[in-house]
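In what follows, a single structure is set out as structure tokens and then discussed.
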Amino acid sequence: MKSLSRRSVRILAAAGLAMPAVLAFSGPAYAETNPRCAGSVQIGATAYVTVGGQTAASVKQYKGCGKNYAYTYVWQQYRASHGSYQVCTSIVTGNTLRDLQCSSGPEVWSLGANTLSECTRALGGISDVAQKETGVRC
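The sequence shown lines up with residues -31 to -1, 1 to 107 when you count with mature numbering (1 follows the signal peptide of the UniProt record, and there is no 0).
Shown next, in the form of structure tokens:
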């Protein structure tokens, strides 16, 4: 777990750059297919990361298999106009990042956080450019 401050949220993706890419996909992305829990369902509304006024990524929170999952998908329009980037996602409880995962591919799923009994939100970011949180779910 990592302590989360407002500054930490702002630089989530930058912190992820120091981590090795955990999930990298070289083929097309199959958005919203949780590789760890096929029965997971989205909870709450989708949040959208914007860069330069354009939507760059979607951030979602899921529950299933006894855990919460964060999911971030980088949109094709952003990928087409930006060479390399890192996408990171995490479940957040209070001011704590849980299960931070990063990838150089178009999407990244968290591994699953044992936080169903806590109020949570999903956080997603692209490199050190921008990030967004979903609404809190209790």
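All C-beta atoms in this analysis are idealised placements derived from N, C-alpha and C, irrespective of residue type, glycine included.
Item to check | Bridge partners - residue 93, DSSP secondary structure assignment | outcome: Beta-bridge pairing links residue 93 to 58, 101.
Item to check | Per-residue DSSP class, three states only, for residue -13 | outcome: Summary for residue -13: the model assigns pLDDT 39, below 50, so the residue's position carries little reliability, and this model does not support an answer.
Checklist entry - Among the residues of its own chain, which have a CB less than 8 Å from the CB of residue 15, if the five just before and after it don't count? => result Counting only Cβ-Cβ distances below 8 Å, and skipping sequence neighbours, we find 27, 28, 29, 103.
Next on the checklist: Let me check one thing: in DSSP terms, what residues is residue 26 bridge-paired to?
Outcome noted: For residue 26, which the question treats as bridged, DSSP gives the partners 18, 43.
Checklist entry - By DSSP, does residue 48 sit in helix, in strand, or in coil? => result Note: residue 48 maps to helix in three-state DSSP.
Checklist entry - Who are the near neighbours of residue 101 in its chain, counting only those whose CB is closer than 7 Å to its CB and skipping five residues on each side? => result The answer, listed in chain order, is 16, 17, 18, 28, 93.
Checklist entry - Alpha carbon to alpha carbon, how far is residue 83 from residue 89? => result Their backbone Cα atoms lie some 11 Å apart in a straight line.
Checklist entry - Terminal residues of the continuous beta strand (DSSP E) containing residue 106? => result Careful: residue 106 lies outside any beta strand (DSSP E) and carries neither H nor E.
Checklist entry - What is the DSSP secondary structure of residue 76, counted as helix, strand or coil? => result Strand, per DSSP.
Item to check | Cβ-Cβ distance between residue 91 and residue 49 below 8 Å | outcome: No; because the gap between Cβ atoms is not below 8 Å, this pair is not in contact.
Checklist entry - How many angstroms separate the CA atom of residue 77 from the CA atom of residue 95? => result For residue 77 and residue 95, the distance between alpha carbons rounds to 11 Å.
Next on the checklist: Buried or exposed, going by whether 16 or more other CB atoms sit within 10 Å of the CB of residue 85?
Outcome noted: Exposed.
Checklist entry - Per DSSP, which one or two residues make a beta bridge with residue 33? => result DSSP lists 36 as partners of residue 33.
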